[in-house]
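Mind the numbering: the sequence shown is residues 1 to 94 in the numbering used here, read in order.
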Amino acid sequence: MITARLAAYRWWGIGGALSRSMSSGWGILLPFAFLPVLGWADISVGQLRILIVIAMLATIVMLYHARLRHFLLLPSCLALLGGMVAVLMHSGVY
Numbered sequence: 001m002i003t004a005r006l007a008a009y010r011w012w013g014i015g016g017a018l019s020r021s022m023s024s025g026w027g028i029l030l031p032f033a034f035l036p037v038l039g040w041a042d043i044s045v046g047q048l049r050i051l052i053v054i055a056m057l058a059t060i061v062m063l064y065h066a067r068l069r070h071f072l073l074l075p076s077c078l079a080l081l082g083g084m085v086a087v088l089m090h091s092g093v094y
């Protein structure tokens with residue numbers, strides 16, 4: 001009975017719809033899970049600038065690559081995260 005129900009769900013596309021909707025979510029959740037690591041690493045603002053530049057260059061490269069285009073949110077959210085940490089470090093909050 002359970003296998004028939006799972007087969008029906010797959011047939012209706014419920015599993016595919018959930019994985020498609022979460023596929024962009026992983027690109028945002030993974031870099032923001034990296035935030036405590038940046039806090040513990042005790043890196044300087046200059047090193048954060050290098051991280052932001054590398055992430056932005058990786059975003060540009062991935063934009064024009066056919067297969068890597070699907071993972072475009074990973075480096076762009078990493079650049080956003082680096083910028084947020086740099087602002088927090090500059091203001092003295094972090």
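Where is the CB? At the ideal position from N, CA and C, for every residue including glycine.
Computed from a predicted model, the values in this text were never measured in an experiment.
Beta-carbon spacing of M62, A79 below 8 Å: Against the sequence shown, residue 62 aligns to sequence position 62. Against the sequence shown, residue 79 aligns to sequence position 79. No, Cβ-Cβ distance for M62 and A79 is not below 8 Å.
Nonlocal neighbours in the same chain, by C-beta distance under 7 Å from P31, ignoring five residues either side: Taking the sequence shown and counting its residues from 1, one reaches residue 31 at position 31. Closer than 7 Å at Cβ, skipping near neighbours: L74, C77, L78 and L81.
Through-space distance from I50 to L88, alpha-carbon basis: For the purposes of this step, residue 88 is taken as the residue at position 88 of the sequence shown. For the purposes of this step, residue 50 is taken as the residue at position 50 of the sequence shown. Approximately 17 Å, taken between the alpha carbons.
Through-space distance from H70 to L48, alpha-carbon basis: Against the sequence shown, residue 48 aligns to sequence position 48. Against the sequence shown, residue 70 aligns to sequence position 70. Between L48 and H70, the C-alpha separation is close to 25 Å.
Own chain, CB closer than 6 Å to L38, minus 5 neighbours either side, in chain order: The residue given as residue 38 occupies position 38 in the sequence shown. For L38, where only same-chain residues beyond five positions count, the Cβ hits under 6 Å are V85.
Simplified DSSP assignment, three categories, for L72: As a working note, residue 72 is residue 72 in the sequence shown. In the structure shown, L72 sits in coil (DSSP, three-state: anything other than H, G, I, E or B).
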